[in-house]
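Chains as they are written, first to last, in the working numbering: chain A, 781 to 856; chain B, 4 to 272.
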């Protein structure tokens, strides 16, 4: 019961991941090894909506959210 | 007026709205033997605009030096693509992510209909193009060599329309030059770029001789036996084709016509 209040499951790049309840998007990025302040060349979508970099701090994640973190790779 | 440089040195630019390019060759960054060969080939090609794909960050290892750093350090402008998208909805989301990640309004819009041919899904492509243009994107649309589809994309306001010469990565060259010529004829004002299917330098030159504004290719360089040499060949082919188009070729004739004068020939007997 207690655990249900302290952690929740979201999906990050298609993989389930446990994060503390109430975690924000910058909290998540930091745990992924991505510096939310310094990161360049990446973008984030939450539940299939792009979240502009300037608004990352405003996003509090909820159980069941799907988060995509993308970058540019070699392509034609 | 004694030192007038050739037209190609001064005014002949490919205008994509947000940028004007001296080089009419756009090159992909995928499939090179290693990153150094990629950088050497890109430099040899003379390209200023290179394509990249958008993919999930590898969360197991976020420390690797990114392709972006490499390309940006060399001064290339980036053209993200929506490769791997099968629906308009996916393509729009990927384009929006690309804009956010790379801070560019340019997008190479690609909506694929099937894995075997990688041919575009026209219905989804048109839908995505409309949405993205309304959203302020500069859309370079990869499409079939169908004049009507190309016209619809131009009418929607695509920055460039990019019919394929033959299927992606096939290297088969211009399988339907008649259609490509017809598209050029029907859309004289639209920037047209041949995207996909180029196999070797003569393919690129031939497309440019049809009056195309540019060439986008990847595999022809990256998978060549010597990618850097092929990059140089492509650069020259695009320049040669462009000049030939501007110069205006002679008409084809069924019978021969002597180039040397007929008067004053040496006659015997």
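Every residue gets a Cβ at the ideal spot worked out from N, C-alpha and C, and that includes glycine. Everything numeric in this text was worked out from a predicted model, so none of it was measured.
- The three-state reading of DSSP puts residue 104 (chain B) in helix, counting H, G and I together.
- Residue nearest to residue 247 (chain B) within the set B:81, B:101 and B:209 is B:209 (criterion: CA-CA distance).
- Interface annotation, residue 812 (chain A): in contact with chain B, CB-CB separation under 9 Å.
- The continuous stretches of beta strand (DSSP E) do not include residue 153 (chain B), which lies in the alpha helix (DSSP H) extending over residues 150-159.
- Within chain A, the residues placing a beta-carbon under 7 Å from that of residue 69 (chain B) are 821 and 851, ordered along the chain.
- Secondary structure remark: continuous alpha helix (DSSP H) runs of at least 4 residues inside the segment 11-81 of chain B, in chain order: 38-48 and 70-76.
- The Cβ atoms of residue 56 (chain B) and residue 855 (chain A) lie closer than 9 Å to each other.
- Note that the C-beta distance between residue 28 (chain B) and residue 237 (chain B) is below 9 Å.
- Cβ-Cβ distances below 8 Å link residue 115 (chain B) to 86, 87, 88, 89, 121, 122, 123 and 124 in the same chain, with the five nearest sequence neighbours on each side left out; the list follows chain order.
- In this structure, residue 225 (chain B) places its C-beta atom within 9 Å of the C-beta atom of residue 33 (chain B).
- In the structure shown, residue 788 (chain A) adopts extended strand secondary structure according to DSSP, grouped into three states.
- For residue 793 (chain A), the three-state secondary structure derived from DSSP is coil.
- The segment 101-116 of chain B makes no contact with the segment 40-51 of chain B, as fewer than three CB pairs between them are under 8 Å.
- Looking at A:820, A:827 and A:846, the one whose alpha-carbon comes closest to that of residue 103 (chain B) is A:820.
- At a cut-off of 9 Å between C-beta atoms, residue 843 (chain A) does not count as an interface residue with respect to chain B.
- By the beta-carbon neighbour count (other beta carbons within 10 angstroms, threshold 16), residue 829 (chain A) is exposed.
- A residue is called buried when at least 16 other Cβ atoms come within 10 angstroms of its Cβ; residue 84 (chain B) meets this threshold and is buried.
- In this structure, DSSP gives residue 244 (chain B) a helical state, which the three-state scheme calls helix.
- In this structure residue 140 (chain B) is buried. Its beta-carbon is surrounded by 16 or more other beta-carbon atoms within 10 angstroms.
- In the DSSP assignment, residue 827 (chain A) forms no beta bridge with any residue.
- Look at residue 850 (chain A) here: in three-state DSSP terms it is strand.
- In the three-state reduction of the DSSP assignment, residue 820 (chain A) falls in the coil class.
- Taking the C-beta atoms as reference points, residue 165 (chain B) is found no nearer than 9 Å to residue 200 (chain B).
- DSSP places residue 163 (chain B) inside the beta strand (DSSP E), whose first and last residues are 163-166.
- With contact defined as three or more Cβ pairs closer than 8 Å, the segment 169-187 of chain B and the segment 251-259 of chain B are not in contact.
- Within the same chain, and ignoring the five residues on either side of residue 26 (chain B) in sequence, the residues whose Cβ sits closer than 6 Å to its Cβ are 49, 50 and 51.
- Within the same chain, 187 and 248 come within 6 Å of residue 214 (chain B) by CB-CB distance, once the 5 residues on both sides are set aside.
- Listed by position along chain B, the residues whose Cβ is nearer than 7 Å to that of residue 855 (chain A) are 31, 32, 33, 54, 55, 56, 84 and 86.
- Look at residue 101 (chain B): its C-beta is under 9 Å from a C-beta on chain A.
- Comparing C-alpha distances from residue 167 (chain B) to each of B:191, B:112 and B:63 shows the shortest one belongs to B:112.
- Cβ neighbours of residue 194 (chain B) within its own chain (closer than 6 Å, five residues either side excluded): 163 and 216.
- Interface residue (Cβ-Cβ distance to chain B less than 9 Å): residue 802 (chain A) is not classified as such.
- Residue B:36 holds the alpha-carbon nearest to the alpha-carbon of residue 227 (chain B) among B:18, B:36, B:14 and B:117.
- With fewer than 16 other Cβ atoms inside 10 Å of its own Cβ, residue 61 (chain B) counts as exposed.
- Taking the beta carbon of residue 830 (chain A) as reference, the chain B residues within 9 Å of it are 96, 99, 100, 102 and 103, listed in sequence order.
- Chain A places no beta carbon closer than 9 Å to that of residue 267 (chain B), leaving this residue out of the contacts.
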